[in-house]
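Data block below; observations after.
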Amino acid sequence: MVTAPTTLRDIARACNVSVSTVSRALADNPAIAKKTRQLIQETAKELNYRPNAQARALKSSRTDAIGVVVPSLVNPFFAAMAAAIEDEANQAGYATIITSSGESSPKITEAIEALRARQVDGIIAVPHIEAAEMLEDVALSIPLLFIDRHLEGSNIPAVISDAAPGIKAALEALASRGHRKVGYLAGPQTTSTGRDRLQDFRRYAEELGMDQIIHHGGYLHEEGFRGTQKLLEEQPTAIIAGDSMMTFGALEACYRENVDIGKQLALIGFDDFVFMRIQPAPVAIIDQSVEHMGRTALRNLVQSFSSSSPPDGAVVQTRFIPRESIEFTP
1 MVTAPTTLRD IARACNVSVS TVSRALADNP AIAKKTRQLI QETAKELNYR
51 PNAQARALKS SRTDAIGVVV PSLVNPFFAA MAAAIEDEAN QAGYATIITS
101 SGESSPKITE AIEALRARQV DGIIAVPHIE AAEMLEDVAL SIPLLFIDRH
151 LEGSNIPAVI SDAAPGIKAA LEALASRGHR KVGYLAGPQT TSTGRDRLQD
201 FRRYAEELGM DQIIHHGGYL HEEGFRGTQK LLEEQPTAII AGDSMMTFGA
251 LEACYRENVD IGKQLALIGF DDFVFMRIQP APVAIIDQSV EHMGRTALRN
301 LVQSFSSSSP PDGAVVQTRF IPRESIEFTP
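With the UniProt record's numbering, the residue at position 126 of the sequence shown is 126, and numbering never jumps.
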C-alpha cells in the first residue's frame, strides 16, 4: 500500500498551528519562536516530510509582474494606494496587474487565483476576513503582503497605519477648544482598521473626559451620510469621521442639513485628499500617508524576492492636520 506524502497541513494539524507558521518554521524564519520552530521541524522529520522540489523550482522563475488587489478603485483612498504601488513598481522595473475585490470573499478569491494564473512574482492585497484560509494557502506558494489591514491570528505580514497618534492629537485639539461632546462615525467593524480606530477614539476620549456619541458606519459614503444625520440629532459639538468614505458622507450630510462646518460644528476627517482642502471650510484631517504606505509595501515585497523569507511588514504613523473646519468653539 502506497502512503500519501506528508503535507504542510499534516504538520500543522500535528502541531496545532497554522499552515503558514509551518512554512515559515521550515524556512527557519526567526519571526517564529525558536521553541515553535524546533517543534515543527522535529515533527516534519518524524512524519518524513519532503519538500516539493518541482514547486521550489517553479518559484525561482520570474515574470517581473506584481499583482495588486484592493477593495475598490472608486474609493479615492484605494485608488491612490494602487497608483503609488504602480509608480514604485515601474521605477523598480516591474509591471503591475491591479484588480478589485468589492469587499467580497468570492471576488478576492477569484482575483487572487487570476493573478496566480498569470504567475505574478508577488501579491499586495487588502485582505478580507472571510478569505483568511485561502490567503494563508496562497502565502505558502507566492510572496504575499497585506496592506491597510491585518488579519487576526495570521502571520502574513502587513503594511498598516497606526491611527493612535493622529486620533489623540485630533481629540486634544478639540478639547483645547472646549469640546466635551464628540461624535465618532466609525468605519466597518469587520476590518482591523475600523476596530482599531474605534478603540483608539474611545480610549483617548475617555482620558480627556469627553462624552462620546458613536455611530457604526460601513464601507460606503451613503452609510456615512446616514450615520452623520443620526449623530447630528444628538447635537455633538464636534464629529470625527473614521475613514475617507465616512468623511465624504459626513460632508454631504452637513451640507444637506445646512450645518455650517467650522462655525456651527467642528468636523475632522480622514486622509488628506485635495478636495478636503478646497471645501468652504477646509477640513481638518487625520492623515495616514497612503502614498507612503503603497510605496513601502512595494519595496518590501520586491526585497523579499531575493530571500527565502516573507516580505517585511511596516507601521506608518498618522498625523493630525488642523484646518478651518475645527474653528468652531462651543
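Just so it is clear, CB atoms sit at the ideal spot from N, CA and C, and this is done for glycine as well.
Start-to-end residues for the alpha helix (DSSP H) that takes in Asp211: If you look at Asp211, you'll find it isn't in any alpha helix (DSSP H); it sits in the beta strand (DSSP E) that goes Asp211 to His216.
Do the CB positions of Ala205 and Gln199 come within less than 8 angstroms of each other? No, these two residues do not count as a Cβ contact at 8 angstroms.
Nearest-angstrom beta carbon gap, Arg323 and Val274 [assumed within contact, 8 angstroms]: Contact between Val274 and Arg323 is ruled out by a C-beta separation of about 13 angstroms, above the 8 angstroms threshold.
Mark Gly93 as exposed unless 16 or more other C-beta atoms lie within 10 angstroms of its C-beta, in which case mark it buried. Counting every other CB atom within 10 Å of its CB across the protein chains shown gives Gly93 a total below 16, marking it as exposed.
Would residue 331 pass as a contact of Glu136 if the rule is Cβ separation under 8 angstroms? Because the chain here runs from 1 to 330, residue 331 falls outside it and cannot be looked at.
CB contact flag (Glu86, Thr99, <8 angstroms): Taking a C-beta distance under 8 angstroms as the contact criterion, Glu86 and Thr99 do not qualify as a contact pair.
Ends of the alpha helix (DSSP H) at Phe201? Per DSSP, Phe201 is one residue of the alpha helix (DSSP H) stretching across Ser192 to Glu207.
Helix or strand or just coil, what does DSSP make of Gln54? Annotation note: pLDDT 44 at Gln54 (below 50); position unreliable, coordinate value reported separately. The answer is helix: DSSP assigns Gln54 an H, G or I state.
Give a yes or no on contact between the segment 232-242 and the segment 188-203, applying the rule of three or more CB pairs nearer than 8 angstroms. Yes: the two stretches touch, three or more of their Cβ pairs being nearer than 8 angstroms.
Check whether the Cβ atoms of Leu185 and His221 lie closer than 8 angstroms to each other. Their beta carbons are not under 8 angstroms apart, which means Leu185 does not touch His221 by this criterion.
Assigned exposure category for Tyr255 - 16 Cβ within 10 Å defines buried: By the 10 Å Cβ count, Tyr255 comes out exposed.
Kindly identify the DSSP beta-bridge partner or partners of Lys230. None; Lys230 has no bridge partner.
In chain order, which continuous runs of the beta strand (DSSP E) of length 3 or greater are located wholly inside the segment 74-135? Listed in chain order, the complete beta strand (DSSP E) runs (minimum 3 residues) inside the segment 74-135 are 95-100 and 122-125.
Here's the rule I'm using: 16 or more other beta-carbon atoms within 10 Å means buried, otherwise exposed. How should Asp28 be labelled? Its Cβ having fewer than 16 others within 10 Å, Asp28 is exposed.
Which stretch, first to last residue, makes up the beta strand (DSSP E) that contains Val182? Counting along the chain, Val182 sits inside the beta strand (DSSP E) bounded by residues Lys181 to Ala186.
Just curious, the alpha helix (DSSP H) that Ile167 is in, first and last residue? That run of the alpha helix (DSSP H) goes Ala164 to Ser176.
Residue range of the unbroken alpha helix (DSSP H) whose run includes Gly249: Residue range Ser244 to Arg256 is occupied by the alpha helix (DSSP H) that includes Gly249.
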